[in-house]
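In the working numbering, the protein residues as written are 1341 to 1567.
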């Protein structure tokens, strides 16, 4: 109940802030639009906007995990970063926009994966929108693992498969301190779950039994080579 009330409070405050920002942007007062976000950040997310912009996604996630309102704090910070990214995109400051979108994306996914949201749908919509904006070359190993969890949760079987192979390409080309044994256990466990599903269920996620079996075989070969 507390979490639900908190989400309602966030939504109301964000709507008011966004309305004021739109007015400022229409008048080309972009600095004032940014000030609206900065002034609202403490009441919406409980953090100064300057800190939210400064911290990495991992640091923000660690920070909000200390709160009893983890999912809500994730959403609050994600929404602020999303609006900041939009503002910077509109003013042509693309590096800051890309960084904000990436952190917003990570926080939205973290909130959805927590399973504490009253309704995933609006945040999944934001995640899908941000996926189109983010350059995959900026993905870290941790982000690939987070995406795997997200696609597994949302039954996007073919997307899970694509991401699993992209993750393998990533670790082939980059040094990483990730626990690869744990990462491959996550992947192979999900594939074993897919193997147990009927063909019609797999096809809903754009995979066939043959594809699942062939992909799992490739993944196991790669895993044995790496570990």
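We put the CB at the ideal spot given by N, CA and C, even for glycine.
Distance CB(residue 1385)-CB(residue 1437) smaller than 9 angstroms = no
Cβ-based neighbour list, residue 1502, same chain, cut-off 6 angstroms, excluding 5 preceding and 5 following = none
request  = Classify residue 1387 as helix, strand or coil using the three-state DSSP reduction.
outcome  = For residue 1387, the secondary structure class from DSSP, reduced to helix, strand or coil, is coil.
task = Determine the extent of the alpha helix (DSSP H) in which residue 1474 is found, giving its start and end residues.
result = No alpha helix (DSSP H) holds residue 1474; DSSP gives it neither H nor E.
key: Candidates 1472, 1346, 1373 and 1425, of which the one nearest residue 1413 by Cα   = 1346
key: Spatial distance of residue 1445 from residue 1482 (CA atoms)   = Approximately 13 angstroms, taken between the alpha carbons.
ask   = Between the C-alpha atoms of residue 1361 and residue 1424, what's the straight-line distance to the nearest angstrom?
value = 10 angstroms
ask   = If we call anything under 9 angstroms between Cβ atoms a contact, is residue 1427 one with residue 1370?
value = yes
inquiry  = So, with DSSP's three-state summary, where would you put residue 1537?
reply    = coil
request  = Pair every Cβ in the region 1509-1526 with every Cβ in the region 1464-1477, then say whether three or more of these pairs are closer than 8 angstroms.
outcome  = no
message = Considering only their Cβ atoms, is the gap separating residue 1559 from residue 1531 smaller than 9 angstroms?
response = Contact annotation: residue 1531 and residue 1559 have beta-carbon atoms nearer than 9 angstroms.
key: Between the CA atoms of residue 1383 and residue 1551 - distance to the nearest angstrom   = 49 angstroms
Host alpha helix (DSSP H) of residue 1412 (start-end) = 1410-1430
task = Flag this pair as yes or no: are the beta carbons of residue 1397 and residue 1454 separated by less than 9 angstroms?
result = no
request  = Express the C-alpha separation of residue 1452 and residue 1381 in angstroms, rounding to a whole number.
outcome  = 21 angstroms
inquiry  = Cutting at 6 angstroms between CB atoms, please list the residues of its own chain near residue 1563, excluding the five before and the five after it.
reply    = 1524
message = Is residue 1540 a contact residue of the ligand GTP, with contact defined as CB to any heavy atom under 8 angstroms?
response = Looking at this structure, you won't find the ligand GTP or any other ligand, since it has none at all.
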